[in-house]
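Participant: Residue numbers (the numbering used here): 2 to 160. Shown below is the structure under consideration.
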Amino acid sequence: MDCFLKIYNIAKILHNKLFTKLMSVGIHSIGVGSVISLPFRSGNIGLISIGKRVFVGPNSWIQVMGDEIEDKDPVISLGDDISIAGDCTITAVMRVTIGSGALIARFVNISDHSHAKEDPDVYIRHQGIAKISPVTIGEGAWLGHGVVICPGVTIGRNA
Numbered sequence: 002m003d004c005f006l007k008i009y010n011i012a013k014i015l016h017n018k019l020f021t022k023l024m025s026v027g028i029h030s031i032g033v034g035s036v037i038s039l040p041f042r043s044g045n046i047g048l049i050s051i052g053k054r055v056f057v058g059p060n061s062w063i064q065v066m067g068d069e070i071e072d073k074d075p076v077i078s079l080g081d082d083i084s085i086a087g088d089c090t091i092t093a094v095m096r097v098t099i100g101s102g103a104l105i106a107r108f109v110n111i112s113d114h115s116h117a118k119e120d121p122d123v124y125i126r127h128q129g130i131a132k133i134s135p136v137t138i139g140e141g142a143w144l145g146h147g148v149v150i151c152p153g154v155t156i157g158r159n160a
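Structure follows, in structure tokens:
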């Protein structure tokens, strides 16, 4: 059984490294030693920048929202040596920046926008987005299990 488990773990590592290599074709930039674990969901990957030695755990979703974005600079920027445990969501319309060395636990949600909800007669999902404001997570910050980061939030260095 130990032999099977070792083979499985090696296969999983190789699978994730191959997927990361394939992603590097479309993504704005991805640093050496970074790994994106499957399953993974993304959108507008040309506007996402990932630094060196970044780990993105399984079931994570990193997406730039909206197809009408004219700016070709990264909207989501992850620094070096970041660990994202998995089951995390990072979505942006304007800008989300995560500083190097940040530690992000499971089930964290980071977004620079909210759903619009002004019209009680229209489903919220059909009302678009609102409250767009950049988010900055400082270098070395730790976001614990289940944290939700809302539009306009700045978290300091090593917080």
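Just so it is clear, CB atoms sit at the ideal spot from N, CA and C, and this is done for glycine as well. All of these numbers come straight from a predicted model, not from anything done at the bench.
From N10 to S61, what distance separates their C-alpha atoms?
Facilitator: Here residue 10 refers to the residue found at position 9 when the sequence shown is read from its first residue. Here residue 61 refers to the residue found at position 60 when the sequence shown is read from its first residue. Spanning the two alpha carbons is a distance of roughly 19 angstroms.
Participant: Beta-carbon within less than 8 angstroms of H146's beta-carbon, same chain only, minus the 5 sequence neighbours each way: which residues are those?
Facilitator: If you number the sequence shown from 1, residue 146 lands on position 145. Cβ within range, chain order: A106, R107, F108, V109.
Participant: Please tell me whether G52 and G87 are closer than 9 angstroms, where the distance is taken between their beta carbons.
Facilitator: Counting from 1 along the sequence shown, the entry for residue 52 is found at position 51. Counting from 1 along the sequence shown, the entry for residue 87 is found at position 86. No. Outside cutoff.
Participant: With DSSP as the reference, please indicate the residues paired to L79 in a beta bridge.
Facilitator: The sequence position of residue 79 within the sequence shown is 78, counting from 1. DSSP lists I51, I99 as partners of L79.
Participant: Considering only residues of the same chain and omitting the five flanking positions on each side of A160, which have a CB-CB separation below 7 angstroms?
Facilitator: Residue mapping note: residue 160 aligns to position 159 of the sequence shown, counting from 1. Excluding sequence neighbours, A160 sits near G139, A142.
Participant: On a CA-only basis, which of S115, I49, F56 is nearest I125? Give me that one, please.
Facilitator: As a first step, residue 125 is located in the sequence shown; it is residue number 124 there, counting from the start. Closest by alpha carbon: S115.
Participant: Under the DSSP definition of a beta bridge, which residues are partnered with T90?
Facilitator: Counting from 1 along the sequence shown, the entry for residue 90 is found at position 89. BP columns for T90 point to W62, N110.
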